[in-house]
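Here is the structure we will look at, set down as structure tokens.
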Ligand code: OFO
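In the working numbering, the protein residues as written are 31 to 193.
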């Protein structure tokens, strides 16, 4: 049985993942408005992945016979200073999520909850990939800043991200 403390933290993580989906949707809206459809698509795919993350924890909580509670998903920006600023914000966001997953894992260890530890191992690996993917994209976009033809090339490349 999930402890009350761990259940609260898992439910909070569901909201954080939904918030992540919302953050990336806001970035997609900004990039689409900047006529950068490839980068916007990259963000849309990212947003969909975040929904999958939320659902993984959602299903896990239900499988453990506990109650899912859904918190408030905060408003997010749909304006950024530049495409590079949006991608920089995405990387900072992923670093915060990594810290949150790590804290959740620590709590699962303290509570001696082995199934939660096993479930979270997937997220720990996923966060390594998330930071790597977002970091690479952020780096490419940063390098293209101030060079419109290069920016369009990067836009095309990022638009090839698969759904
Ligand atoms: Fe759910 O990994 Fe990104 O935020």
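Beta carbons are placed, not taken as given, at the ideal position from N, Cα and C, and that holds for glycine.
Item: Cβ separation of residue 72 and residue 191, assumed to be a contact under 8 Å, to the nearest whole Å; Value: 5 Å
Item: Per-residue DSSP class, three states only, for residue 96; Value: coil
Item: Nearest neighbour of residue 109, chosen from 133, 132 and 117 [CA to CA]; Value: 117
Item: C-alpha gap between residue 150 and residue 182, whole angstroms; Value: 38 Å
Item: Backbone CA spacing between residue 81 and residue 136 [nearest angstrom]; Value: 24 Å
Item: Member of 59, 99 and 153 whose CA lies at the smallest distance from the CA of residue 77; Value: 59
Item: 8 Å contact criterion, which residue 138 and residue 146 should meet: CB distance rounded; Value: 4 Å
Item: Pair within 7 Å by beta-carbon distance, residue 171 and residue 119; Value: no
Item: Within 7 Å, strictly: CB atoms of residue 124 and residue 75; Value: no
Item: Expected contact under 8 Å - CB spacing of residue 143 and residue 36 to nearest Å; Value: 6 Å
Item: Alpha-carbon to alpha-carbon, residue 84 and residue 97; Value: 15 Å
Item: Candidates 67, 93 and 174, of which the one nearest residue 32 by Cα; Value: 93
Item: Backbone secondary structure at residue 106 - three-state DSSP; Value: coil
Item: Residue environment, residue 46, which counts as buried when at least 16 other CB atoms sit within 10 Å; Value: buried
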